[in-house]
Amino acid sequence: MRTQRYDGTDMRKILTGMVHDKAVCARIASIWPDAGEGLFASSWANLIGGEIIRYFRKYAVPPARQMGSIYEEWSKTTIAPDEEIECVERFLQGVSDEQHQDAPEYLIDLAGRHFNKVAMDRVVEAVKADLAEWHVEDAQMRLDQLRRINLGA
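What follows is the structure, given as structure tokens:
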């Protein structure tokens with residue numbers, strides 16, 4: 001049996017690119033949903049991603065050094081669980097220490113693959129749940145509605 005360990009490196013790279021790079025942020029902002037689930041698998045990454053996209057859509061630049069201020073504002077009003085708040089804090093501490101080194105085109109490709117995997121995982125889980133309840137038509141409809149996320153890299 002083949003196993004794979006996932007440590008969130010891709011997610012961190014994508015989020016870091018969104019924080020620092022205008023091309024990466026603009027491309028992801030073009031497909032980021034206005035409401036509902038974000039494009040990442042984890043809720044804390046979707047919180048951060050959503051804040052980055054809101055900032056970008058308002059000011060047309062990635063937040064970069066403003067992430068600390070954005071976090072402070074968010075943390076005053078959030079009702080997120082403590083565990084999520086800690087994940088956001090840890091990520092933001094790391095992002096301030098990390099240098100953004102990856103090429104924007106690479107990060108856009110990586111984001112496209114990552115977001116497609118997350119979307120497929122979500123559909124697979126929903127289809128399994130439908131099939132467990134013998135809702136075959138619903139499962140088929142979910143599969144038919146699955147569309148590839150295209151970042152146009």
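Counting along the sequence shown from 1, when you hit position 41 you're at 41 in the working numbering, and nothing is skipped either side. Ideal Cβ positions, reconstructed from N, Cα and C, are used throughout, including at glycine.
For secondary structure counted as the alpha helix (DSSP H) over 4 or more consecutive residues, the segment 45-132 holds these complete runs in sequence order: 67-77, 82-97, 104-132.
Taking the CA atoms as reference points, Y59 sits about 12 Å from A29.
In terms of CA proximity to Q93, Q66 leads the group Q66, L131, L151, C25. In the structure shown, I31 falls within a coil segment according to DSSP collapsed to helix, strand and coil. Proximity to N46 across R142, R90, L143, L15 peaks at L15, based on C-alpha coordinates.
With a cutoff of 8 Å on beta-carbon distance, I48 and F91 are scored as near each other. Membership of G8 in any alpha helix (DSSP H) is not indicated, and neither H nor E is assigned to it by DSSP. According to the DSSP assignment, L39 belongs to no alpha helix (DSSP H), since it is labelled neither H nor E. Ranked by Cα distance from L146, the options M120, R57, E84 are led by M120.
Residue nearest to R113 within the set V88, V136, L151 is L151 (criterion: CA-CA distance). Residue burial is scored here from C-beta neighbours: P33 has fewer than 16 other C-beta atoms within 10 angstroms and is therefore classed as exposed. Taking C-beta separations shorter than 8 Å and ignoring five residues to either side along the sequence, the partners of G50 in its chain run W32, G38, following chain order. Scanning its chain for C-beta atoms nearer than 8 Å, with the 5 sequence neighbours on each side dropped, one finds around V24 the residues I14, G17, M18, P62, P104, L107, I108, A111, in chain order. Closest in C-alpha terms to V118, from the list H20, S42, R12, comes S42.
For the pair E137 and R148, the Cα-to-Cα distance works out to about 21 Å.
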